[in-house]
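Engineer: Sequence lines, in order, name chains A and B.
The numbering used here puts the first residue of the first sequence at 75, with every later residue one more than the last.
The numbering used here puts the first residue of the second sequence at 75, with every later residue one more than the last.
Note that beta-carbon positions come from the ideal geometry of N, C-alpha and C, so glycine has one too.
No experiment lies behind these values; they were computed from the predicted model shown.
There's a structure below that I have some questions on.
Number of protein chains: 2
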Amino acid sequence: MKARITVTLKNGVLDPQGKAIEHALSGLGFDGVGQVRQGKVFDIELDGTDKAKAEADLKAMCDKLLANTVIENYAVEIA
Amino acid sequence: MKARITVTLKNGVLDPQGKAIEHALSGLGFDGVGQVRQGKVFDIELDGTDKAKAEADLKAMCDKLLANTVIENYAVEIA
Numbered sequence: 075m076k077a078r079i080t081v082t083l084k085n086g087v088l089d090p091q092g093k094a095i096e097h098a099l100s101g102l103g104f105d106g107v108g109q110v111r112q113g114k115v116f117d118i119e120l121d122g123t124d125k126a127k128a129e130a131d132l133k134a135m136c137d138k139l140l141a142n143t144v145i146e147n148y149a150v151e152i153a
Numbered sequence: 075m076k077a078r079i080t081v082t083l084k085n086g087v088l089d090p091q092g093k094a095i096e097h098a099l100s101g102l103g104f105d106g107v108g109q110v111r112q113g114k115v116f117d118i119e120l121d122g123t124d125k126a127k128a129e130a131d132l133k134a135m136c137d138k139l140l141a142n143t144v145i146e147n148y149a150v151e152i153a
């Protein structure tokens with residue numbers, strides 16, 4: 075089973091990397107670019123076919139390791 | 075208009091960060107975790123309502139700045 079976890083910064087949390095990309099894009103001549111926010115994505119292969127268990131496991135992985143839930147949100151998608 | 079760009083490593087490109095996460099997850103007691111690959115996600119706000127132009131712009135941004143197309147793939151999604 076394949077899953078994708080997307081970790082993004084919560085609203086209101088400063089994102090200097092996103093800001094730098096914003097400036098770089100406007101420096102390259104792209105007009106009309108508003109806010110840019112950068113996040114992380116994890117593609118994970120899991121054994122087993124139990125979707126409910128997989129989703130619970132993936133959420134536990136996010137809480138324990140993959141995301142800092144103080145400043146980040148995560149989303150779990152199972153393919 | 076909001077768009078999300080997902081940049082992932084091409085198959086066959088080594089991903090030491092993903093490997094480290096794999097080991098950390100099995101160290102935390104998560105069984106049945108296969109390959110883990112890490113990528114990046116960019117949430118971009120764009121002015122204008124022309125989806126075709128937005129998609130062309132976003133692809134140009136990936137080619138010029140956001141992705142290293144030698145080793146990375148990108149996907150553009152417009153919300």
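(1) Could you name the residues of chain A that B/R139 contacts, counting a contact when the two beta carbons are closer than 8 Å?
(2) Suppose you measure from the CA of B/G106 to the CA of B/M135; what does that come to, to the nearest Å?
(3) Skipping 5 residues on each side, what residues in its chain have a beta carbon closer than 8 Å to that of B/T123?
(4) So is B/T82 in contact with chain A if we call contact Cβ pairs under 9 Å?
(5) I need the boundaries of the alpha helix (DSSP H) containing B/L132, first residue and last residue.
(6) Can you look up A/L83 in the DSSP assignment and give me helix, strand or coil?
(7) So, under 8 Å CB-CB, A/E96 and A/V110 are touching, yes? Tell me the CB distance rounded to an integer number of Å.
(8) Around the C-beta of B/L102, are 16 or more other C-beta atoms found within 10 angstroms, so that it is buried, or is it exposed?
(9) Residues of chain A with CB closer than 7 Å to the CB of B/D124, please, in chain order.
(10) What is the DSSP secondary structure of A/A77, reduced to helix, strand or coil?
(11) Using CA atoms only, rank isn't needed, just tell me which of B/D117, B/N142, B/L99 is closest to B/I152.
(12) In whole angstroms, give me the CA-to-CA distance for B/A130 and B/T80.
Structural biologist: Inspection of the coordinates gives the following:
(1) Per the sequence presented here, residue 139 of chain B reads as Leu, with Arg not at that position. Within chain A, the residues near B/L139 are I95, A98, L99, L102.
(2) Each residue's alpha carbon lies about 37 Å from the other.
(3) Excluding sequence neighbours, B/T123 sits near M75.
(4) Chain A, which has a Cβ nearer than 9 Å to the Cβ of B/T82, makes this yes.
(5) Where B/L132 is concerned, the enclosing alpha helix (DSSP H) stretches over 125-135.
(6) A/L83 carries a strand assignment under DSSP once its states are collapsed to helix, strand and coil.
(7) Right, their Cβ atoms sit about 5 Å apart.
(8) Taking all protein chains shown into account, B/L102 has fewer than 16 neighbouring C-beta atoms within 10 Å of its C-beta and is therefore exposed.
(9) Those do not exist, as B/D124 stays about 10 Å from chain A at its closest Cβ, beyond 7 Å.
(10) Strand, per DSSP.
(11) Distances from the CA of B/I152 to each of B/D117, B/N142, B/L99 were compared; the closest alpha carbon is that of B/D117.
(12) Distance from the CA atom of B/A130 to the CA atom of B/T80, rounded to whole angstroms, is 15 Å.
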